[in-house]
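Asks: Numbering (our numbering), first residue to last: 115 to 705.
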Amino acid sequence: MKKEITHNFLAATASKADNAYLDGEMDSPYVFVKNGYLVVHHKPEGPYPVVIPCPGARLIVNGQECTQPTPVSMQDTVLLEAVNERREGEWSLTISSDGLQAILRISPTVIIHREVAELPAASKLQLAVVEREERLPSLTWNELLQELSRLGINYGVDWEACSRGVTSCTEEEVVIARGIPAEPGKDGWVELLFPYNSKVPVLAEEKETVDFRKRYVFTSVVEGEILAVKHLPGLGRPGTSVKGDVIVSPAPRDFALSAGEGAVLTRDGERVVAARAGRPVAYRSRNLVRVSVLPELVHTGDVDLASGNIAFRGDVVIAGNVEEGMAVEAGGNVRVDGLVSGAKIQATESILIRGNILASVVTAGGTPAFMQEVLPQVHVLATGLREMIMAIYQLLGHPAFKQGDLKGGIGPLLKLLLEGKFRHLPAAAEAFKKQVKTLPSGLVGEGLDEFIQEVERVVVHSPLAIRDIQEVEKLAQRALKWEQAFASPPSVESDVVASNILNSTVMATGDVRVVGSGCYNSRIQAGKKVTVHGVFRGGEIQAGEDVHLGELGSRGGAITKVVAGPRAIVTVKYAFENALVLVGGRVYRFD
């Protein structure tokens, strides 16, 4: 702040005549200030009174400024000067980062006027000043207009606010111009005409009479049924900045709609229609929604040595039992009307077992084992083809390479690379073909066999016959799509519902619900909730959310543990000794 100092001479020398009227009234020395004059009195032989300077005033004795307590006599020449102070104001005009406001920030000019205060007589006098503050505007109309012009502010100017700013004598911020914000458009969206998450229905208590065929029904569609409709995004409205510039509205989010197996996309790309009867599913990935129709495999008998293991890409319904040593793997839901004994059940989505689970492993959610086995080889193919395409372009662009050598196509160059740096690709193609042959026919997706034949033609049997690099690029794109299909199964919260569980392991990314008499010596792991209507004796429960149990533990004191998340609620109707509950970091043992 720039300061301007002015001086005001307020006092002169105190003459003897000025002090004569006080002679004899006081024996001790004294000094006082009257009408801006300093009056001094003392005996000729002393002592002298003392004057103490103060901020805002100058004490000058015999031509010398004094900053410390100073004795003064009647013969001294004493001047008192009050010091005025001026603090120059400041102002600035800025445009907000979004261009929608012009903000004037003001600090006024402040002038502090001072006068030496009148003080009563004292032998030691502390000087004092009286202050008066004056505030003045720091900005003129011409200065503001010039700044508006310099910054290019010409839209939405509030002249009344400008007038308030140039006359303001307080420290403040004033918005003197406002633009019009852009209106965002309406995001596009995909409307699914079927339930997105087809959860396993809730089963009734064991005592109730239940028709499982009616209580457990997957969502299904018929051929020609519309499955999804794409709604186009709506355009927004542009805005205007205080500089008159157009503010473009943010682009609304749009979704791409695609059709997977068992479905077709209409020509306008706005509807997906079922091409066959089955269960509709939708997979979401960023701004893409892919809708498919999965088939349903119905096995009328038991899964045993006579039938063999079952692996199917869609839903699996088993009318009988799953016997010892057998396995069922599904890319959709699994329903078993009988019991599961000494077996393994794995599904990408939910599992319903009407009977008991005995000495088995049941897993709902996650990548099925057959997907994990095929994924490494298709990844090698996809990566190798992309890298080989880059190598071909690098060689074609090299100045030492003779383009005339490839008049018949890029076949010789492709064969050279496959025999050198990329000699692992033919072996990977053969390994991928063998693994696909071991998969059940229901697992192999549409077009996979034709893709394998094309891979063999390009990298194994006839690389010399390839004329255009676009053939290899199309094959690499197909390999990438198959890699994504095997690596990204649907991500859903999959549930397990069963009557009773004995000596088994049950895992689910969603809920686990036991509706019968209970669980014995088993391990349950759920990403969401666990509900056991009966008893849970021996073993351990791990749940991401709440746990609700009828009974926990046993009379014999077998160790039974429940582990839940930090915000979970664990409800136990009856607990036995040695039952252990862990919620977050807190442990509770029933004694």
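Yeah, the Cβ is synthetic: ideal placement off N, Cα and C, and Gly gets one too.
1. Would F546 and Q591 qualify as a contact pair, given that the criterion is a beta-carbon distance under 7 Å?
2. Return the residue from the list F565, R700, A678, G479 that minimises the CA-CA distance to G624.
3. Identify, in the order they occur along the chain, each residue of the same chain with its Cβ nearer than 6 Å to the Cβ of V412, setting aside the five sequence neighbours on each side.
4. Please return the same chain residues whose Cβ sits closer than 7 Å to the Cβ of P167, not counting the five positions on each side in sequence.
5. May I have a chain-ordered list of the alpha helix (DSSP H) segments no shorter than 4 residues that lie completely inside the stretch 257 to 287?
6. In terms of residues, what are the limits of the beta strand (DSSP E) holding Q240?
7. Assuming D563 is part of the beta strand (DSSP E), what are its boundary residues?
8. What does a CB cutoff of less than 8 Å around I566 pick up in its chain, not counting 5 residues either side in sequence?
9. Can you look up E320 in the DSSP assignment and give me helix, strand or coil?
10. In three-state terms, what does DSSP make of A231?
11. Buried or exposed: S576, going by 16 or more other Cβ atoms within 10 Å of its Cβ?
12. In the DSSP assignment, what residue or residues form a beta bridge with E58?
13. Give the secondary structure of Q714 by DSSP, where H, G and I count as helix, E and B as strand, and everything else as coil.
14. Would you check if the stretch 459 to 473 and the stretch 611 to 619 touch, i.e. whether three or more CB-CB distances between them fall below 8 Å?
15. Roughly how many angstroms lie between the CA atoms of R351 and Y269, to the nearest whole one?
16. Taking Cβ to Cβ, would you say D416 is nearer than 7 Å to N447?
17. Identify, in the order they occur along the chain, each residue of the same chain with its Cβ nearer than 6 Å to the Cβ of S668, setting aside the five sequence neighbours on each side.
18. Tell me whether the beta-carbon of L663 lies closer than 7 Å to the beta-carbon of V686.
19. Where do the ends of the beta strand (DSSP E) carrying K687 lie?
20. Which residue wins for smallest C-alpha separation from H493, given the options R385, G452, L594, G279?
21. To the nearest angstrom, report how far apart F600 and R500 are at their CA atoms.
22. Who are A291's beta bridge partners in DSSP?
23. So what does DSSP say about Y162, is it helix, strand or coil?
Replies: So, to answer that:
1. no
2. G479
3. V431
4. L173, C180, T181, L241
5. 273 to 280
6. 238 to 240
7. From DSSP, D563 is part of no beta strand (DSSP E) but of the alpha helix (DSSP H) over 562 to 570.
8. A543, F546, K547, V550
9. With a pLDDT of 44 at E320, under the threshold of 50, the modelled position of this residue cannot be trusted; read the value that follows with caution. Three-state DSSP puts E320 in coil, outside helix and strand.
10. coil
11. exposed
12. The chain is shown from 115 up to 705; residue 58 falls before or after that span and cannot be answered.
13. This structure gives no information on residue 714, because the portion of the chain shown stretches from 115 to 705.
14. yes
15. 18 Å
16. no
17. R651, F690
18. yes
19. 684 to 689
20. L594
21. 18 Å
22. A216, V271
23. coil
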